[in-house]
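Participant: The opening position of the sequence shown corresponds to residue 371 in the working numbering, with each subsequent residue numbered one higher. Cβ atoms here follow ideal geometry from the backbone N, Cα and C, with glycine treated the same way.
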Amino acid sequence: MTSGMQIIAALLVPLIGAIGIALVGRKSPNLREAVTFITAIALLVIVWTMLPGLFAGERPEITLTELLPGLSIKFQVEPLGMMFAALASLLWIVNSIYSLGYMRGNKEQHQTRFYVLFAVALSAVMGIAFAGNLLTLFIFYEILTLSTYPLVAHKGDGKTVASARVYMGILLATSIGLFLPAIIWTYMATGTLDFVPGGILEGHVAGPAVGLLLVLFVFGVGKAALMPVHRWLPAAMVAPTPVSALLHAVAVVKAGVFTITKIIIYIFGVDFLAVEPSTDWLLYAAIFTVIAASIVALRQTNLKRLLAYSTIAQLSYIIMAAALLTPMAEIGASLHIVAHAFGKITLFFAAGCIYVASKKTEIAQLAGIGRRMPWTMAAFTIGALSMIGVPPTAGFVSKWYILGGAFQADSYIVIATLVLSTVLNAAYFLPILYIAWFRNDETTPANNHGEAPKAMVIAVTITAALTLLFMAFNQPVLDLESQLVGITR
371 MTSGMQIIAA LLVPLIGAIG IALVGRKSPN LREAVTFITA IALLVIVWTM LPGLFAGERP
431 EITLTELLPG LSIKFQVEPL GMMFAALASL LWIVNSIYSL GYMRGNKEQH QTRFYVLFAV
491 ALSAVMGIAF AGNLLTLFIF YEILTLSTYP LVAHKGDGKT VASARVYMGI LLATSIGLFL
551 PAIIWTYMAT GTLDFVPGGI LEGHVAGPAV GLLLVLFVFG VGKAALMPVH RWLPAAMVAP
611 TPVSALLHAV AVVKAGVFTI TKIIIYIFGV DFLAVEPSTD WLLYAAIFTV IAASIVALRQ
671 TNLKRLLAYS TIAQLSYIIM AAALLTPMAE IGASLHIVAH AFGKITLFFA AGCIYVASKK
731 TEIAQLAGIG RRMPWTMAAF TIGALSMIGV PPTAGFVSKW YILGGAFQAD SYIVIATLVL
791 STVLNAAYFL PILYIAWFRN DETTPANNHG EAPKAMVIAV TITAALTLLF MAFNQPVLDL
851 ESQLVGITR
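#1: Rounding to the nearest angstrom, what Cα-Cα distance links Leu695 and Ala644 in this structure?
#2: Going by beta-carbon coordinates alone, are Ile540 and Trp602 separated by less than 7 Å?
#3: Please state whether DSSP places Asn465 in a helix, a strand or coil.
#4: Of all the alpha helix (DSSP H) runs that stay within the bounds of the stretch 823 to 849, which reach a length of 4 or more residues?
#5: Would you mind sorting Ala786 into buried or exposed? The rule is 16 or more other CB atoms within 10 Å of its CB.
#6: Kindly give me the distance between the Cβ atoms of Leu676 and Tyr804, rounded to whole angstroms, as I take these residues to be in contact under 8 Å.
#7: Name the two residues that bound the continuous alpha helix (DSSP H) containing Phe628.
#8: Nearest by alpha-carbon distance to Ile733: which of Ser704, Ser459, Lys674 is it?
#9: For the structure I just gave you, are there three or more beta carbon pairs, one from the stretch 723 to 742 and one from the stretch 652 to 668, closer than 8 Å?
#10: In the DSSP assignment, what residue or residues form a beta bridge with Asp564?
#11: What's the C-alpha gap between Leu850 and Met453?
#12: Work out the CA separation of Tyr654 and Ser648 for me, nearest whole Å.
#13: Just confirm the distance between the C-beta atoms of Thr716 and Ile752, as a whole number of angstroms; I'd bet it's less than 8 Å.
#14: How many angstroms separate the CA atom of Gly390 from the CA atom of Ile661?
#15: Is it true that the CB of Ala692 sits closer than 7 Å to the CB of Thr629?
#16: Between the C-alpha atoms of Ser768 and Ala709, what's the straight-line distance to the nearest angstrom?
#17: In terms of alpha-carbon separation, which member of Asp527, Thr562, Gly526, Ile513 lies closest to Leu542?
#18: Quick one: using the 10 Å Cβ neighbour count with 16 as the cut-off for buried, is Ala816 buried or exposed?
#19: Measuring CB atoms only, is the stretch 446 to 462 touching the stretch 572 to 582, in the sense that at least three cross pairs come out at less than 8 Å?
#20: Where DSSP assigns a beta bridge to Ile432, which residues make up the other side?
#21: Let me know the secondary structure DSSP gives Gly382 once reduced to three states.
#22: Taking Cβ positions, are Gly775 and Gly713 nearer each other than 7 Å?
#23: What would DSSP say about Glu821, mapped onto helix, strand or coil?
#24: Quick one: is Ala499 buried, meaning 16 or more other Cβ sit within 10 Å of its Cβ, or exposed?
#25: Could you pull the start and end residues of the alpha helix (DSSP H) that His600 belongs to?
#26: Cutting at 6 Å between CB atoms, please list the residues of its own chain near Gly592, excluding the five before and the five after it.
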């Protein structure tokens, strides 16, 4: 199979799997889940077998059709997209293991629809990851929004549907109202939408117009949840936990920060942005979001809402790092996409385990739960420490590179932000760990529960292990992402 055909296969395999899941779902739940696992493994093989060529400097691409001169449906594999695709394909397998335990253990309705749409969403993620230009990325960005809306609205009650409408409304309004005009402006100015190392805008847009175009792009990519276009993310917490994991770790928010990082590197160009003072606002907007979201997280009493605001803050670490425009910070932004994925999916998996086993959703209800669910809470502890940035977790690695990038840029405000936000992260995660491990629980029959279903515990253990292992085995990601900024390792 040629590299171009591998790209197409990565898009089609999840869709073929979705059809297979739909055909067998009602007849046999076991067969439905078998098709899900086979599809996820097939996607992993297709994506990961492209890695050796990419390390060797290959950039496979394929153009399906040209609509206008310089305007085509085009796919290309490059380091940032490869990392995103490899991450998503890996975590889909783990999420499928978790979903097996969650959907059955919680006796969820419409399980076939859930697995079908999950597969469609992964196809959209592959399209975003391998998009060779802004038009292709935009198409799959919208498919991802539309395919995840029914997943957010899965429960079907009035409150859930209303929250799902907030989710879809904000994401569609920002993408159609801001992102699409930015794409059209870029095409009119440059005659192309292709992703090109060093960017395509220099010499075509200048002065305040550069800052305005960046505003349209950044706030048009609502999935990045930069304040004030962040409300969709807490609203989406009405979804089942595997969907929350999809939103926060595998697909949606990662598609947002991935898109912004890719636009900075391949559309504007790091060197071009560095000399345009009208774009300085992005760094401060990210800093504000990091601190404000962390403060809001401090006030949350519901576990999933706390994790949602934590995600908003952590996403802006990535935007802040990308906005620093230094080589080490750009690598740190890429690393934090991976580190946050491993840590945050672990936290959401643990929250789902707690809900399925005990029906507890509030932080105050977690007293002593560490002794009743030691595997789950050990994993939660690892995920929380990674969000704080404590070694030997993945979060320490990415924050170290972001901090190094801040020193490269002599940005003391970013250094101060990293210190303050780390303190705030500790302030809302450590009390949860104290309550779970050291506070005595009430001796009532309702508390006499054990771990969640085995599949869920296996999944959360795997992601916790990945969070730890990334500290020691991050060199391939470093080597890959160093190609973004021309560093030879």
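Facilitator: Concretely, from the data shown:
#1: Locating residue 695 in the sequence shown gives position 325, counting from the first residue. Locating residue 644 in the sequence shown gives position 274, counting from the first residue. Taking the straight line joining both Cα atoms gives about 7 Å.
#2: In the sequence shown, counting from the first residue as 1, residue 540 sits at position 170. In the sequence shown, counting from the first residue as 1, residue 602 sits at position 232. It is a contact, given that the beta carbons lie within the stated cut-off.
#3: Position 95 of the sequence shown, counting from 1, holds the residue named residue 465. Helix at Asn465.
#4: 824 to 842
#5: Stepping through the sequence shown from its first residue, residue 786 is reached at position 416. Exposed, by the Cβ-count rule.
#6: One-based indexing of the sequence shown puts residue 676 at position 306. One-based indexing of the sequence shown puts residue 804 at position 434. No, Leu676 and Tyr804 are not in contact; Cβ-Cβ is about 15 Å, not under 8 Å.
#7: Here the question's residue 628 lines up with position 258 in the sequence shown. Element bounds for Phe628: 622 to 633.
#8: On the sequence shown, position 363 is the one that residue 733 refers to. It is Lys674.
#9: no
#10: As a working mapping, residue 564 is identified with position 194 in the sequence shown. Asn503.
#11: In the sequence shown, residue 850 corresponds to position 480, counting from 1. In the sequence shown, residue 453 corresponds to position 83, counting from 1. Answer to the nearest angstrom: the Cα atoms are 8 Å apart.
#12: Within the sequence shown, the letter at position 278 stands for residue 648. Within the sequence shown, the letter at position 284 stands for residue 654. Their Cα atoms are separated by approximately 12 Å.
#13: Working through the sequence shown from its first residue, we reach residue 716 at position 346. Working through the sequence shown from its first residue, we reach residue 752 at position 382. Contact flag correct, Cβ pair sits at about 6 Å.
#14: Reading the sequence shown from its first residue, position 20 is the one you call residue 390. Reading the sequence shown from its first residue, position 291 is the one you call residue 661. Going from the Cα of Gly390 to the Cα of Ile661 covers about 45 Å.
#15: Locating residue 629 in the sequence shown gives position 259, where the first residue counts as 1. Locating residue 692 in the sequence shown gives position 322, where the first residue counts as 1. Taking 7 Å as the Cβ cut-off, Thr629 and Ala692 do not qualify as a contacting pair.
#16: Numbered from 1 along the sequence shown, position 398 holds the residue referred to as residue 768. Numbered from 1 along the sequence shown, position 339 holds the residue referred to as residue 709. The straight-line gap from Cα to Cα measures roughly 7 Å.
#17: The sequence position of residue 542 within the sequence shown is 172, counting from 1. Nearest option by C-alpha distance: Ile513.
#18: Your numbering for residue 816 matches position 446 in the sequence shown. Only weak support is given to the placement of Ala816: the predicted model assigns it a pLDDT of 48, under 50, and the question is left unresolved by the model.
#19: no
#20: Along the sequence shown, read from residue 1 onward, the residue named residue 432 stands at position 62. Note: Ile432 sits in a beta bridge opposite Phe445.
#21: To locate residue 382, count along the sequence shown from 1; it is residue 12. Per the sequence presented here, residue 382 reads as Leu, with Gly not at that position. Correct three-state label for Leu382: helix.
#22: By one-based count along the sequence shown, residue 775 stands at place 405. By one-based count along the sequence shown, residue 713 stands at place 343. No, these two residues do not count as a Cβ contact at 7 Å.
#23: Within the sequence shown, the letter at position 451 stands for residue 821. Residue state, collapsed to three classes: coil.
#24: The residue you call residue 499 lines up with position 129 of the sequence shown. Result: buried.
#25: Locating residue 600 in the sequence shown gives position 230, counting from the first residue. Careful: His600 lies outside any alpha helix (DSSP H) and carries neither H nor E.
#26: Looking up residue 592 in the sequence shown gives position 222. So the list reads Ile540, Leu541, Thr544, Val599, once near-sequence residues are dropped.
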